[in-house]
Structures are given as structure tokens and as C-alpha cells.
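*Asks:*
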Amino acid sequence: MRFVILAKRNFKEVWLDPLSIGLIIGLPVGLLLMFQPIGKLNPFFTTTNLAPGIAVYAFTMLTFSSGTILARDRESALLSRLLTAPLRANDFISAYSLPYIPVAIIQIAVVFGIGGLLGLEISGNAGLVFLVIFVMSIGYIGLGMILGSLLTSKQVPIVWTAVNLLTIFGGAWVPLEALGGVFESAMKALPFAHAIDAARDVMVHGVGFSDIATDFYWVLGYTLVFFALGIFLFRRRMVE
Amino acid sequence: MTESTKGNSFAIQTFGLSRKFGDLVAVNSIDLCIKEGELFSLLGPNGAGKTTAIKMLCCLLRPSSGTATIMGHDIQKDAIAVKKVIDISPQETAIAEHLNARENLSLIGGIHGLEKEEVKKRSEELLEMIGLTKRAKEQVRKYSGGMKRRLSIIMALVSDPQVLFLDEPTLGLDPQSRRSIWEHIAELKGKKTIVLTTHYLEEADALADRVAIIDEGKIVALGTPRELKDGISDMQVMVVKAKNLTIDAIEGLREIYPEVKEIEDGIEIKAEEFNFDEIVDYLRPRGVVIESTSRKQITLDDVFLHLTGKELRE
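Next up, the structure:
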């Protein structure tokens, strides 16, 4: 269980960086508060409709943090130093991914907690909403491992910006249908829109698992691919 | 260059250890035997292959061919066993910037499997040794470059490794910090097997029991600093302090004495024998004003220049 020591350090690294905290917690809260008055004018922007999108959007910050910390550790040779410790590949992969899971859970709790204060209602199964967006959060962590294994800490924010935009235009707080055509199809080829749609359908329309199964498996498939690729690239970095 | 392995207890042995990056041979078939408790220095210019060699010994790079053992464990077949007995201070300052010094030491001690109490005790001793006890609770990103470097080095000691790799530990430090780190390394001599890579010849000369001079991935000379210098003891170095030295004058002199090096305020000439009058008679008619001449002690830099035709700091 030595990986726990390294995992604790990575968890701390997130919370000791004011920028990380601002992005992880402050930004989704700010978005909820910002859109709440607009929701009174346009039903798309109600807290209930937007909360799943904002939660998924908040996970892009997990990609940013996990990617940046890994890239920075590689650049500073801290990772080289850590890799000379008698830990196995799985220990390192766990230490660089597991700490972000409680962060994701905290984000979900904050978005839905603050959302509740702003009038959020869940028509369907809350557990199902959690399951969909939680699986998506693991995908974003996997994306962070991919970026952190391949890029420098200065390049991570550039690629992260693309992930961020894809999430926004995947329906986080821009109606996907409004984009239409090729753009909508392109967004539907990625997992972000599916996660948001599925969670929204459960929350707003109260549908069950069978109605969102396709979206869910789409999200699960991408998450497995992101995570597997992240693990592959990280392992390749361990011994060059 | 191959070493005999008979009758000694070796901490590190390499067998034709090589690493290529595409067509570039970074480390070219190195055979070394490093005794337990020895402070062994790999001396060479930037890009000579020192760090690549160290990375292979620390299981961070796969050899292209050949292998090595650390305390009897093969670096390719038993990396975990190797990692249990080694630690490294990488060339770069490798610390967790948002943690404080104690937390950094706990992190390294912990992942090496040390008990909390043991880490704590060793951390306090090490922090005391480098004079950082009073600032041990501060996030290390607030430290000066020298302080970070010192912390980075003691992080390699907290696990109490049998074999310690110090990769350019004083690179980029001011002379005072460098001397302080030399003192700390000197304190470890004989207690651990230490492999020190450096391109500072004074460092290798002052600290190492034995030195391997490495150039373009190959070991070109191996021995104690004294042995290496004695190896060219038939050579002498004359320092000529002079004004109005021209490139033509220096080039002309090189036809008589091939090893002529430009230094501040003059030249250094290396040769088995000097004819002082010949040097003066050659330089004066070319407008060179000779201010003084003196003989200089042979250094490892001279050894390196003699063996490779290059200077260490090129």
C-alpha cells in the first residue's frame, strides 16, 4: 500500500494549489450562480437542466490538474526519482489517478448541493444520475493521464482548452441542437454530450436506465479507452 | 576498457552496457566494477553519456545491449530488487514544490517502505545536516535554488540506500553552495557506495576514490585521480602569461607543441619537454610581450584534454 503515500501527495498537490481549487470548486459554483437568473427567462438554463452539464464541465478541471501534475513531475525529474522507488507500475498508475476520484465526488456533491439550494429537482433516479456522471469523471481523469504522459506542463493547458471547448459545445451550457448539422454529429461522436444528455434525461424527464443505455455505454466505452490509453502511455514513460 | 572482477566485493558491475538513441550511441559497451563503499566518479563533458549510464543503472532506461548488476541484482531481470537498494539525486532539482521539506522527505521515505518514526528521525538528522531545520515547515517553492538543491540531495539519503547515485549534484550552484554539498558528500565516503557524475574536474578530484573519464559514450580512462594524473606525468604544463597574443602566433606555436590551450591572459602549453628559448624566440618576433612563465600541476582537465583532444567545459 505504499502507493497511498504518493496518492496522498498528489491529492494534497491539488488542494495546495489555489488555481486548482478555484477551477475545481469555484468555477462550477460560479456558473450555477451565473445561470440561475437566466433560467427564469429561458428553460434551457434552469439549474435542473444545467446541473449535469456543469458537473461534467467541472470534470475538465480534473483533466487539467491530473495532466499538469504528472507533466510537471516528469519535467522536474521528480517522477524519475519516484520511479527509482521499489513500486510497481500499478502502484504508480493508482497514485496518479485514484486521488482525483474523491475530488470528482466532492465536485458532484458541490454542484448538486449548491444546485439544490438554487431549486434543482431530480425527477428520476439520483443514483443513476450519479453513475453516469461519475463514469464520465473517470474518463476525464484518464484524459489527464494521457496529456500528462505525452505533453509538457505548458502544452497541457493548450490541449485542455480543446477538451474544455468540446465539453461546452457538447451541451454543458450550450444547447447541442442549436449547433445542428456536422457540428452536432461531431459532438455526438464524443462521450461528453452523451453523458450530459443521459444525466439530463434522468433528472428532467425521469427516464430509467433502459432509456439511457446507449448513451451510458457510449460514455463507458470512451472512459475505458481513455483510461487504457492513459495507463499504456504512463507505463511506456516508466522505462524508456 | 574492461576491469577484472576477481577477488573483490562489487556493489556495481556492468557488462558491455550500451544504449543507443536511433543512430546515436549514447553509452558504448561500458564494463565497470565498483567496489562496495567506493565513491566512484563518472567524469565527462555534457552529452558524454554519464546520465544515460546512471539512468540505466537506476532501471529508468533499458539498455540496448549488455546489462549490469547492483548488489548482485540484475537491472533488467530484477528491477524491484535493485530499486530496494538504490536511490538517486537526479541532475534536475527533483522536489514536490507544494510540499514542505519534511513532507518531501516523508514522501520518499514512505514509498521506499520506511516506518514513519524512522523517516521522522532520519529527516530531522538530514535537515540538520544541511541547515534547513528552521525552514522545514515552509513550502519548498519559497526556497532559494541552493536550498532546493540541498533538499533534493538529502531526499536521496532518507531511504538510507546501499548505493547512491548523484547525478551532477552541484550543477548550476554558486561556489559556496557547491563547497557545502562537497562537504556533505565527503561525510558519506566509505559509508555508502556512491556513483557521482560530474563535469567539474575539481569535484571528481576532491571527492572520488576512482574516476572513469567518459567521452562520447566510452570510458577512455579509469583510475584514481592520482593514477590518471601520473599516467601523463611525463607531460609538463607551462603557463605563459603574455600580451598581444595573436591567433597566428598560437597556431604557429601549435605546430611545435600540439597541445596549446588559450587561457585568460595567456596560453598553457603541454609537452613532454620544453625548450623555453624556443618559445620565447618564436613569440617575441611576432609582437607578443611575455610577462611571466611558470610550470603548472597536472589536473584531470589536462588528462581529459590529453586523452580526447577536448576540454571538459567545451
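These protein sequence lines are chains Y and A, in that order. Position one of the first sequence corresponds to residue 454 (the working numbering), numbered consecutively onward. Position one of the second sequence corresponds to residue 11 (the working numbering), numbered consecutively onward. Note that the Cβ used here is the ideal one computed from N, Cα and C, for glycine as well. Remember, it's a predicted structure, so these values are computed and weren't measured experimentally.
Report the rounded CA-to-CA distance for residue 13 of chain A versus residue 40 of chain A, giving the unit in angstroms.
*Replies:* On the second sequence, residue 13 of chain A is found 3 positions in, with the first residue counted as 1. On the second sequence, residue 40 of chain A is found 30 positions in, with the first residue counted as 1. Below a pLDDT of 50, predicted positions are generally treated as unreliable, and residue 13 of chain A, at 49, falls in that range; the measurement from the model is reported next regardless. Between residue 13 of chain A and residue 40 of chain A, the C-alpha separation is close to 10 angstroms.
*Asks:* So, is residue 255 of chain A buried or exposed, given that buried needs 16 or more other C-beta atoms within 10 angstroms?
*Replies:* The residue given as residue 255 of chain A occupies position 245 in the second sequence. When all chains shown are included, residue 255 of chain A counts as buried.
*Asks:* Taking the alpha carbon of residue 566 of chain Y as the reference point, which residue from Y:643, Y:620, Y:500 and Y:613 has its own alpha carbon closest?
*Replies:* Position 113 of the first sequence, counting from 1, holds the residue named residue 566 of chain Y. Comparing Cα positions, the closest option is Y:500.
*Asks:* State the Cα-Cα distance for the pair residue 110 of chain A and residue 99 of chain A, rounded to the nearest angstrom.
*Replies:* Here the question's residue 110 of chain A lines up with position 100 in the second sequence. Here the question's residue 99 of chain A lines up with position 89 in the second sequence. Whole-angstrom Cα-Cα distance: 18 angstroms.
*Asks:* Closest Cβ-Cβ distance between residue 499 of chain Y and chain A: below 8 angstroms?
*Replies:* On the first sequence, position 46 is the one that residue 499 of chain Y refers to. So, not an interface residue.
*Asks:* In or out: residue 650 of chain Y buried (at least 16 other Cβ within 10 Å) or exposed?
*Replies:* Here residue 650 of chain Y refers to the residue found at position 197 of the first sequence. Buried, because 16 or more other Cβ atoms sit within 10 Å of the Cβ of residue 650 of chain Y.
*Asks:* To test your reading of the DSSP string, which unbroken alpha helix (DSSP H) runs of 4 or more residues are found completely within the segment 164-229 of chain A?
*Replies:* 185-198 and 211-217
*Asks:* Between which two residues does the alpha helix (DSSP H) containing residue 640 of chain Y stretch?
*Replies:* The residue you call residue 640 of chain Y lines up with position 187 of the first sequence. Residue 640 of chain Y -> alpha helix (DSSP H) spans 634-642.
*Asks:* At a Cβ cut of 8 angstroms, what residues of the segment 533-558 of chain Y count as close to chain A, listed as they run along the chain?
*Replies:* Flagged, chain order: 533, 534, 535, 536, 537, 538, 539, 540 and 541.
*Asks:* How close, in whole Å, do the beta carbons of residue 118 of chain A and residue 158 of chain A come, if the pair is a contact with beta carbons under 8 angstroms?
*Replies:* Position 108 of the second sequence holds residue 118 of chain A. Position 148 of the second sequence holds residue 158 of chain A. About 15 angstroms separates the two Cβ atoms, so there is no contact after all.
*Asks:* Strictly under 8 angstroms for the Cβ-Cβ distance: is residue 27 of chain A near chain Y by that measure?
*Replies:* Position 17 of the second sequence, counted from the first residue, corresponds to residue 27 of chain A. No, its Cβ sits nowhere closer than 8 angstroms to a Cβ of chain Y.
*Asks:* Tell me the DSSP secondary structure of residue 458 of chain Y in three-state form.
*Replies:* Residue mapping note: residue 458 of chain Y aligns to position 5 of the first sequence, counting from 1. Note: residue 458 of chain Y maps to helix in three-state DSSP.
*Asks:* If I follow the unbroken alpha helix (DSSP H) through residue 239 of chain A, where does it start and stop?
*Replies:* As a working mapping, residue 239 of chain A is identified with position 229 in the second sequence. It spans 235-240 - the alpha helix (DSSP H) in which residue 239 of chain A sits, taken as one unbroken run.
*Asks:* For the candidate residues Y:579, Y:643, Y:661 and Y:554, whose alpha-carbon lies nearest to that of residue 675 of chain Y?
*Replies:* In the first sequence, counting from the first residue as 1, residue 675 of chain Y sits at position 222. Taking only the C-alpha atoms, the option nearest residue 675 of chain Y is Y:643.
*Asks:* Could you give the residue range of the alpha helix (DSSP H) that holds residue 65 of chain A?
*Replies:* Taking the second sequence and counting its residues from 1, the one referred to as residue 65 of chain A is at position 55. 60-67 is the span of the alpha helix (DSSP H), which, as asked, contains residue 65 of chain A.
*Asks:* Shortest alpha-carbon distance to residue 185 of chain A belongs to which of A:213, A:114 and A:121?
*Replies:* Here residue 185 of chain A refers to the residue found at position 175 when the second sequence is read from its first residue. Looking at the Cα atoms, A:213 is the closest of the given residues.
*Asks:* Of the choices A:309, A:128, A:263 and A:155, whose alpha-carbon is the least far from that of residue 247 of chain A?
*Replies:* Working through the second sequence from its first residue, we reach residue 247 of chain A at position 237. Residue A:309 is the option with its Cα nearest to residue 247 of chain A.
*Asks:* Does DSSP classify residue 19 of chain A as helix, strand or coil?
*Replies:* Position 9 of the second sequence holds residue 19 of chain A. Of the three classes helix, strand and coil, the one that applies to residue 19 of chain A here is coil, per DSSP.
*Asks:* If you draw a straight line from the alpha carbon of residue 16 of chain A to that of residue 469 of chain Y, how long is it in whole angstroms?
*Replies:* Your numbering for residue 16 of chain A matches position 6 in the second sequence. Your numbering for residue 469 of chain Y matches position 16 in the first sequence. Residue confidence for residue 16 of chain A is low, a pLDDT of 42 falling below 50, so the modelled location carries little weight; the figure read from the coordinates is stated next. About 54 angstroms.
*Asks:* Given a cut-off of 8 angstroms on the beta-carbon distance, is the pair residue 626 of chain Y and residue 516 of chain Y in contact?
*Replies:* Numbered from 1 along the first sequence, position 173 holds the residue referred to as residue 626 of chain Y. Numbered from 1 along the first sequence, position 63 holds the residue referred to as residue 516 of chain Y. No, these two residues do not count as a Cβ contact at 8 angstroms.
*Asks:* CB-CB under 6 angstroms to residue 582 of chain Y, same chain, minus the five flanking residues each way: which ones, in chain order?
*Replies:* Translated into the one-based positions of the first sequence, residue 582 of chain Y becomes position 129. Same-chain partners within the cutoff: 652, 655 and 656.
*Asks:* Please name the residues in the segment 71-93 of chain A whose beta-carbon is closer than 9 angstroms to at least one beta-carbon of chain Y, in chain order.
*Replies:* 71, 72, 89, 90, 91, 92 and 93
*Asks:* Let me confirm a value: residue 658 of chain Y is counted as buried when at least 16 other C-beta atoms fall within 10 Å, else exposed. Which label applies?
*Replies:* Here residue 658 of chain Y refers to the residue found at position 205 when the first sequence is read from its first residue. Result: exposed.
*Asks:* Which residues mark the beginning and the end of the beta strand (DSSP E) in which residue 37 of chain A is found?
*Replies:* Counting from one through the second sequence, the residue named residue 37 of chain A turns up at place 27. Looking at the DSSP string, the run of the beta strand (DSSP E) that includes residue 37 of chain A is 34-45.
*Asks:* With 8 angstroms as the threshold, decide whether the Cβ of residue 609 of chain Y is near any Cβ in chain A.
*Replies:* Stepping through the first sequence from its first residue, residue 609 of chain Y is reached at position 156. No, residue 609 of chain Y does not count as interfacial toward chain A.
*Asks:* Does the structure place the segment 84-104 of chain A close enough to the segment 171-180 of chain A that three or more beta carbon pairs sit under 8 angstroms?
*Replies:* yes
*Asks:* Can you have a look at residue 481 of chain Y and say buried or exposed, based on whether 16 or more other CB atoms are within 10 angstroms of its CB?
*Replies:* Stepping through the first sequence from its first residue, residue 481 of chain Y is reached at position 28. The residue in question, residue 481 of chain Y, is buried, as its Cβ has 16 or more Cβ neighbours within 10 Å.
*Asks:* Shorter than 8 angstroms from the beta carbon of residue 455 of chain Y to some beta carbon of chain A?
*Replies:* The sequence position of residue 455 of chain Y within the first sequence is 2, counting from 1. It does; some Cβ of chain A falls within 8 angstroms.
*Asks:* Would you kindly check if the distance between the Cβ of residue 552 of chain Y and the Cβ of residue 615 of chain Y is under 8 angstroms?
*Replies:* Here the question's residue 615 of chain Y lines up with position 162 in the first sequence. Here the question's residue 552 of chain Y lines up with position 99 in the first sequence. Cβ atoms of residue 615 of chain Y and residue 552 of chain Y: not closer than 8 angstroms.
*Asks:* For chain A, is any of its Cβ atoms less than 8 angstroms away from the one on residue 686 of chain Y?
*Replies:* Taking the first residue of the first sequence as 1, we reach residue 686 of chain Y at position 233. Taking a beta-carbon distance threshold of 8 angstroms, residue 686 of chain Y does not count as an interface residue toward chain A.
*Asks:* So, does the CB of residue 108 of chain A fall closer than 8 angstroms to a CB anywhere in chain Y?
*Replies:* Position 98 of the second sequence holds residue 108 of chain A. True, the Cβ-Cβ gap to chain Y drops below 8 angstroms.
*Asks:* Output yes if chain A places a C-beta closer than 8 angstroms to the C-beta of residue 529 of chain Y; else output no.
*Replies:* Indexing the first sequence from 1 puts residue 529 of chain Y at position 76. Judged by the 8 angstroms Cβ criterion, residue 529 of chain Y is in contact with chain A.
*Asks:* Taking contact to mean 3 or more Cβ pairs, one atom from each stretch, closer than 8 angstroms, check whether the segment 200-219 of chain A and the segment 258-266 of chain A are in contact.
*Replies:* no
*Asks:* Quick one: is residue 549 of chain Y buried, meaning 16 or more other Cβ sit within 10 Å of its Cβ, or exposed?
*Replies:* Position 96 of the first sequence, counted from the start, is the residue given in the question as residue 549 of chain Y. The residue is buried, with at least 16 neighbouring Cβ atoms inside 10 Å.
*Asks:* Any idea which residues DSSP pairs residue 49 of chain A with across the strands?
*Replies:* Along the second sequence, read from residue 1 onward, the residue named residue 49 of chain A stands at position 39. Residue 49 of chain A pairs with A:204.
*Asks:* If residue 50 of chain A sits next to residue 220 of chain A, beta carbons under 8 angstroms apart, how far is it from one beta carbon to the other, in whole angstroms?
*Replies:* Here the question's residue 50 of chain A lines up with position 40 in the second sequence. Here the question's residue 220 of chain A lines up with position 210 in the second sequence. The Cβ separation is near 5 angstroms, so the contact holds.
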